[in-house]
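Some notes on the structure that comes next.
Protein chains: 2
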Amino acid sequence: MTQTASSQSTTEASQDGHKPDAAAAVEAIAVRSRNAARRMARANRAWKDKALREIAESLVAKRDVVLQANRQDLDEGKVNGTSAALLDRLTLDSKRIDGLAAALENLAALPDPVGTVMRGQTLPNGLRLRQVHVPMGVVAAIYEARPNVTVDIAGLALKSGNAVILRGGSAARHTNVALLGIIRDALDRVGLPADAVQSVDEYGRDGANALMRARGLVDVLIPRGGRELIQSVVNNAKVPVIETGEGNVHIYLDESAGTEMAVDILLNAKTQRPSVCNTVETLLVHRDAAASADVLAALAGAGVRLHVDQRVAGILPSGVQATAATDEDWAREYMDLDLAVAMVDSMDDALRHIRTWTTGHTEAIITNDLRNAERFIAEIDSAAVIVNASTRFTDGGELGLGAEVGISTQKMHARGPMGLRELTTTKWIVQGDGQVRD
Amino acid sequence: MTQTASSQSTTEASQDGHKPDAAAAVEAIAVRSRNAARRMARANRAWKDKALREIAESLVAKRDVVLQANRQDLDEGKVNGTSAALLDRLTLDSKRIDGLAAALENLAALPDPVGTVMRGQTLPNGLRLRQVHVPMGVVAAIYEARPNVTVDIAGLALKSGNAVILRGGSAARHTNVALLGIIRDALDRVGLPADAVQSVDEYGRDGANALMRARGLVDVLIPRGGRELIQSVVNNAKVPVIETGEGNVHIYLDESAGTEMAVDILLNAKTQRPSVCNTVETLLVHRDAAASADVLAALAGAGVRLHVDQRVAGILPSGVQATAATDEDWAREYMDLDLAVAMVDSMDDALRHIRTWTTGHTEAIITNDLRNAERFIAEIDSAAVIVNASTRFTDGGELGLGAEVGISTQKMHARGPMGLRELTTTKWIVQGDGQVRD
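In the order they appear, the protein sequences are chains A and B. Note that the first sequence covers residues 1 to 438 in full-length UniProt numbering. Note that the second sequence covers residues 1 to 438 in full-length UniProt numbering.
Given below as structure tokens:
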């Protein structure tokens, strides 16, 4: 009956060989998670950092175990006809494991958000008041076939004093079992509860659904992955969700924009890493923007496929190819070397286009006109508004948050890049010496 | 075809005499709300305060219109057999209208949360960064037959730069139409959009349901009312909700508690205003707490009906009556002069009882023991943790927030008393001079 920390204890029913009801199994996991969360909330920073470093060392030491499990997933994936792109995301190698360990070391070096006093005062009646950051409690994450997310989210949740329940993609299941075992054993060794990191993977889709409906048991659910996954979670969840990621990012090239800056920023925003959410997807050029032709030529020269409206087609430099844009292009997050380009007559038109098509992630203006910059900042209603810089800066690391949980495109709780603080809530602490209300 | 601001423009279908589809009508209202929200977000504090004062003056000036509409609701209520308690909540009189106007004046005197910089820095690459509070956008509220909430929520939403969509109880519909007309006319007079305050009342339950499902159109929905209303909204809403109000509040009487302080706090927490959410509902007494008998005698003397476990029954002072408590009593929010009382052997037992039955609103300890106070603060996972003071202090006004939107019992976005700041979100503003990512 003894169990190592690495194997999650399962319900009796499953030990008999019967698959228990997923909802009941997930509830049992969540109850264990709640108990573990209480212990994590009281662990001080030094203890949590020790756990993160223990996990990092263990990942490196048990590299072979992880790589072997990963090869098993890759072999099964090939047999099942998994796409090359998915297989690539699924693949861990020695360097990626070193990267995961290094990320955990970085996390250990970051300040602890727990215990930070958000505000406080002494009231006229002598009550001492403070609003303090405390862990959320039980964090859940549903993600796809990138096993690095397993380590990443577990590390972020632990550092912020939470317990976490994971649901990874079935394509990565052997790798995730190996990673989970390493993490749980490490927690056990430093005296923190192994159940602070659990998985519902063995219950498949039913497990994921039960997790989404575990109201009162899960404090926050974070979906990480493509649009379809995120929308499915947002639509089906009964627990609080933080919506992340979708970025139909716009850059508006104002009539006053200088050519050199415009070319630099557009090339960076589109080509530096086209597959991520903060890459630009639509360029709006003012009809009098002198920089337009050079920008289009530079983008085409860098291999960007342009999807343009009729008026932009009329100003294309000779030799630059483009296809005609439709409404689909304005809506689309290409996440590839494609860019939609439209011409506008005014900032009003630019703002209207953005309002119509934005996902509220990031929008930028390139301008030398102060009034236009101010107006763009005031009127754009997105998580990040950028003046004269690349949209690629909408990133927790770049904005100085240290670590990134994801990029929230919702308005409640967190908006834009989320750091450790966004995995906490607050608690009012009121201390008196007998005060009562009149 | 001309319309005064006081009458919301309705869809063409309804002008033909056909009731349009509630979902379509609510969508049209939400689109107008979004447009109004854009204008509200750009209004500075002076302008918003002018609107609040204009509404306050107008309420007083048009007092008779409101009272007449209110009498109509009361008359219909009596015909329909509405309970006396509901009729009382529904009733406005001249003094209550003065109170509403005064609350708006107070709101005008409060600082504007919009534009407050939450954090900011200049990055090593020269990017200037700030995270600024901005309005949520479209706030929705579903509430019951208290017409004061119409003015209250509208004022809070306007002050924080939002537009608001209201769904009041049908029992107050004439009063709400009158109040809405006064608010919208006042907005119009000061040059702010009347559509910043709209109602879906004419679409009845279908309107309320459509509002709950208006994903992407409503930024946050706040239910205000009893447990049933709040649970129905939480369970059915597809838009982000802030759960408010339920308070199964505990006080733990530690073995070291002094009698005088214990009596004062318990009497205040139970009898000062028993019908509200921050009133105490369960008292846990340590088996060695010397203050217990005096506390129970004082409560009984103040007319509190005690529901006690067997061990508490054994220490009841002579002449004090009590009924036997069941699990229902531990779970129940009486909101009346009733109190459940249990005896515990240790703080462990007290914490376990609270964990089992709490709604996460407020818990207090009465103690003279530093270690016990610290442990209670650390381990209680509720919006407010109070040491040696009445639980009645969990209130926006008392905690210095100025105005109160409600008391959040959830962990996401806001926890505990919510002020104006909790009706805002944030926006990252990034300003550079051509920065790109390496």
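Cβ coordinates follow ideal geometry from the N, Cα and C atoms, glycine included.
query, result
"Between the region 176–196 of chain B and the region 150–166 of chain B, do at least 3 Cβ pairs fall closer than 8 Å?", "yes"
"Going straight from the alpha carbon of residue 350 of chain A to that of residue 252 of chain A, what length do you get?", "7 Å"
"Grab me the residues of residue 207 of chain A's own chain with a C-beta within less than 8 Å of its C-beta, minus the 5 sequence neighbours each way, in chain order.", "22, 25, 26, 167, 200 and 201"
"Skipping 5 residues on each side, what residues in its chain have a beta carbon closer than 7 Å to that of residue 108 of chain B?", "49, 52 and 53"
"Looking at residue 389 of chain A and residue 430 of chain B, is the spacing between their C-beta atoms short of 9 Å?", "yes"
"Which whole runs of the alpha helix (DSSP H) in the region 304–340 of chain A are 4 residues long or more, in chain order?", "310–313 and 327–331"
"Looking at the strands, I want to know which residues DSSP matches up with residue 428 of chain A.", "A:131 and B:384"
"Could you tell me which of B:58, B:47, B:92 and B:237 sits nearest to residue 69 of chain B, measuring between CA atoms?", "B:92"
"Hey, is residue 223 of chain A's beta-carbon within less than 9 Å of any beta-carbon in chain B?", "no"
"What does the Cβ neighbour count give for residue 78 of chain A, buried or exposed, with the cut at 16 atoms within 10 Å?", "exposed"
"Applying the criterion that 16 or more other CB atoms from any shown protein chain within 10 Å of the CB defines a buried residue, is residue 284 of chain A buried or exposed?", "buried"
"May I have the straight-line CA-CA distance separating residue 124 of chain A from residue 395 of chain B, to the nearest angstrom?", "15 Å"
"Am I right that residue 224 of chain A and residue 244 of chain A are in contact with their C-beta atoms under 8 Å? What's the rounded C-beta distance?", "7 Å"
"What residues match up with residue 454 of chain A in a beta bridge as DSSP calls it?", "With chain A running from 1 to 438 in the structure shown, residue 454 of chain A is simply not present."
"Taking only beta-carbon positions, decide if residue 332 of chain A is within less than 9 Å of chain B.", "no"
"Under the three-state reduction of DSSP, which class applies to residue 346 of chain A: helix, strand or coil?", "coil"
"Indicate whether residue 331 of chain B and residue 307 of chain B have their beta-carbon atoms separated by less than 9 Å.", "no"
"How many whole angstroms separate the CB atoms of residue 391 of chain A and residue 362 of chain A, which I take to be in contact at a CB cut-off of 8 Å?", "5 Å"
"May I ask you to list the residues that DSSP assigns as paired with residue 440 of chain B?", "Here chain B covers residues 1 to 438 and nothing more, so residue 440 of chain B does not appear."
"Please report how far the alpha carbon of residue 121 of chain B lies from the alpha carbon of residue 37 of chain B, in whole angstroms.", "29 Å"
"Which whole runs of the alpha helix (DSSP H) in the region 267–302 of chain B are 4 residues long or more, in chain order?", "292–301"
"With a CB to CB cut of under 6 Å and the five nearest residues on each side skipped, what residues in its chain are close to residue 364 of chain A?", "251, 386 and 391"
"Chain A partners of residue 176 of chain B, CB-CB under 8 Å?", "The premise fails here: residue 176 of chain B is roughly 27 Å from chain A at the closest Cβ pair, so nothing lies under 8 Å."
"Looking at the C-beta of residue 467 of chain A, does it have a partner C-beta in chain B at a distance below 9 Å?", "Outside the shown range of chain A, which is 1 to 438, sits residue 467 of chain A, and nothing can be said about it."
"Helix, strand or coil for residue 224 of chain A per DSSP?", "strand"
"Indicate whether residue 409 of chain A and residue 359 of chain A have their beta-carbon atoms separated by less than 9 Å.", "yes"
"When the Cα atoms are used, what is the spatial distance from residue 137 of chain B to residue 215 of chain B?", "13 Å"
"May I ask which residues mark the beginning and end of the alpha helix (DSSP H) holding residue 249 of chain B?", "Not the alpha helix (DSSP H): residue 249 of chain B falls in the beta strand (DSSP E), residues 249–253."
"Taking only the alpha-carbon atoms, compute the straight-line gap between residue 12 of chain B and residue 35 of chain B and give it to the nearest angstrom.", "In this prediction, residue 12 of chain B scores a pLDDT of 40, lower than 50, which makes its location untrustworthy; no coordinate-derived value is stated."
"Rounded to whole angstroms, what is the Cα-Cα separation between residue 178 of chain A and residue 377 of chain A?", "47 Å"
"Whole angstroms are fine: how far does the CA of residue 275 of chain A sit from the CA of residue 287 of chain A?", "29 Å"
"Using the Cβ count rule (16 or more neighbours within 10 Å means buried), how would you classify residue 66 of chain B?", "buried"
"Listed in chain order, which residues of the region 381–400 of chain A have Cβ atoms closer than 8 Å to some Cβ of chain B?", "381, 382, 383, 384, 385, 386, 387, 388, 389, 390, 392, 393, 394, 398, 399 and 400"
"Which residues in the same chain as residue 112 of chain A place their Cβ atom closer than 6 Å to its Cβ, once the five residues preceding and following it in sequence are excluded?", "45"
"What residues from chain B crowd round residue 426 of chain A, counting only those whose CB sits closer than 7 Å?", "415"
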